[in-house]
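J.: If you scroll down you'll find the structure; I have some questions about it.
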Amino acid sequence: MKNYPASVRAKLLDLSKEKKVDHTGLLIRYATDRLLYRISKSEFHSKFVLKGSLLFSVWNDELHRPTKDADLLGFGSNDAQDIFDVFKDVCEMEMPEDGLNFDLSTLKIEEIREDEEYDGKRVKVVSILDGAKIPIQIDIGYGDVVTPEASEVQLPTLIDLPPTKLQAYPKETVVAEKTEALVKLGIANSRMKDFYDLRWLADHYEFDGQLLSKAIASTFERRKTTLPEDTPVGLSEEFFKDKGKQTQWSAFSKKLFSTPSESFEEIGLRLRMFILPPLLKRELKQKWNPKTEWM
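Numbering of the sequence shown is given in this note's numbering, commencing with residue 637 and proceeding in unit increments.
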C-alpha cells in the first residue's frame, strides 16, 4: 500500500528546493489548499467565497507573496458553534491521496474584531503530514458586498492532485476593499501587502471605470466609510515619502519572492493614477489599461 504522507512530503520538499521558497511556508500553503479542497467537495461549498491573498495564485502564474492563512467571505450563520460543526465535518472528510489528517482536538473558532462595525471568525486547526504538524488559519468575514458577482475559480495545485474550485471575489471587489482600508486607516496604515497587491493588479489587468467605481462605492457604503472628496492621506505624496512607511515597505519587500524594482514613492504615484479617478469621480466612463492608464 502506498505511503501517501511520506510521498507527498518528499514532493513538497523537492518543490521548495526547486522554487527556492521557505519549506515551512509551503507546507502551510499546501495544507490550506487541501482544506479548501475539502470545503469545495462538501455540502457547505456554497457558504463560502474565496478572497484574500490566495486569489492571486489564480491570477498569477508565479508565487505571488508569502501568506500563512486563507480568507473567506461567509454566508449564513456566523455563530461560533455552527462554524465549528462545519469545519469538524470538513476536517473529517477522508482523502488519503493528499496525505493529510486533521487533529480535531486543535480545532478552534476565535473572534475577529477589527472594529465595531465588522466582526468575523478565525478558524484554527493543526494538520499532520507524515509526522509534521502544520498550523492552518482561515479568517472568515461576514456581511461584505461583492461587485460584480462572485464567479468560480480554480486554484492551482502545488503537486499533482485534483484542484480546488470555489466561488471567488472579482478583482474589482479586491481593489475596493483594499482602497477602503487605506482610506480608513490613513497614516496609521501598515498594511504594505495592500499596496503591493494594488500595484500588481494595476500592472497586470484592465478595469472598467464604471464597474470599479461601483464596487468602491458599494464597499464604502457597506462599511460605513465616507467617500473622500480629495486625495486621502493614505494615497498622498506625504504618506509615501514618510520615512517610517518607507522602512515598513523595505522590511515587507525583503520577505517577497521577488523584490519590487520601484521605490515606495514610485508605487504611490502609480496607485494615485490607478485609484483616484474611480475613487473620486464616482461615474468614471474610461477604462484602465496597464500601459496607457485611464483612457
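Using N, Cα and C, we set each Cβ at its ideal position, and we do this for glycine too.
Can you check whether the CB of Ser886 is closer than 7 Å to the CB of Pro896?
T.: To locate residue 896, count along the sequence shown from 1; it is residue 260. To locate residue 886, count along the sequence shown from 1; it is residue 250. In this structure, Ser886 does not lie closer than 7 Å to Pro896 by Cβ.
J.: Rounded to a whole number of angstroms, what is the C-alpha to C-alpha distance between Gly688 and Val811?
T.: Here residue 688 is taken as the residue at index 52 of the sequence shown, counted from 1. Here residue 811 is taken as the residue at index 175 of the sequence shown, counted from 1. Near 11 Å, if we compare the C-alpha coordinates of Val811 and Gly688.
J.: With three or more beta-carbon pairs closer than 8 Å as the criterion, would you say the stretch 667-686 touches the stretch 719-727?
T.: They touch, by the three-pair rule.
J.: Would you kindly work out how many angstroms separate the C-alpha atoms of Glu901 and Arg908, rounded to a whole number?
T.: One-based indexing of the sequence shown puts residue 901 at position 265. One-based indexing of the sequence shown puts residue 908 at position 272. Spanning the two alpha carbons is a distance of roughly 11 Å.
J.: By the DSSP assignment, the beta strand (DSSP E) with Lys724 in it spans what residues?
T.: As a first step, residue 724 must be located in the sequence shown, where it is residue number 88. Where Lys724 is concerned, there is no enclosing beta strand (DSSP E), although the alpha helix (DSSP H) it sits in stretches over 716-727.
J.: Would you kindly report the start and end of the unbroken beta strand (DSSP E) that includes Glu654?
T.: The sequence position of residue 654 within the sequence shown is 18, counting from 1. Note, Glu654: premise wrong, no beta strand (DSSP E); alpha helix (DSSP H) at 640-655.
J.: Might you give, ordered along the chain, the residues of its own chain that have their beta carbon closer than 7 Å to the beta carbon of Ile852, omitting 5 neighbours on each side?
T.: The sequence position of residue 852 within the sequence shown is 216, counting from 1. Same-chain partners within the cutoff: Ala812, Thr815, Pro914, Leu915.
J.: Is it the case that the stretch 845-860 contacts the stretch 802-809, given that we only count it when at least three CB pairs across the two stretches are under 8 Å?
T.: With a cut-off of 8 Å, the stretch 845-860 and the stretch 802-809 count as touching, because enough Cβ pairs lie within range.
J.: Counting pairs of beta carbons, one from the stretch 776-786 and one from the stretch 830-842, are three or more of them closer than 8 Å?
T.: The answer is no - the stretch 830-842 does not touch the stretch 776-786, with fewer than three Cβ pairs under 8 Å.
J.: Report the rounded CA-to-CA distance for Glu753 versus Lys653, giving the unit in angstroms.
T.: Start at 1 with the first residue of the sequence shown, and residue 753 comes out as number 117. Start at 1 with the first residue of the sequence shown, and residue 653 comes out as number 17. Model confidence at Glu753 stands at a pLDDT of 48, short of 50, so the residue's coordinates are unreliable and nothing is read from them.
J.: Just curious, the alpha helix (DSSP H) that Pro913 is in, first and last residue?
T.: Here residue 913 corresponds to residue number 277 of the sequence shown, with the count starting at 1. 900-916 is the extent of the alpha helix (DSSP H) around Pro913.
J.: Judging by CA-CA distance, which residue of Asp866, Arg918, Arg858 is the nearest neighbour of Gly845?
T.: Within the sequence shown, residue 845 is the residue found at index 209, counting from 1. Selected option, being the one with the closest Cα: Arg918.
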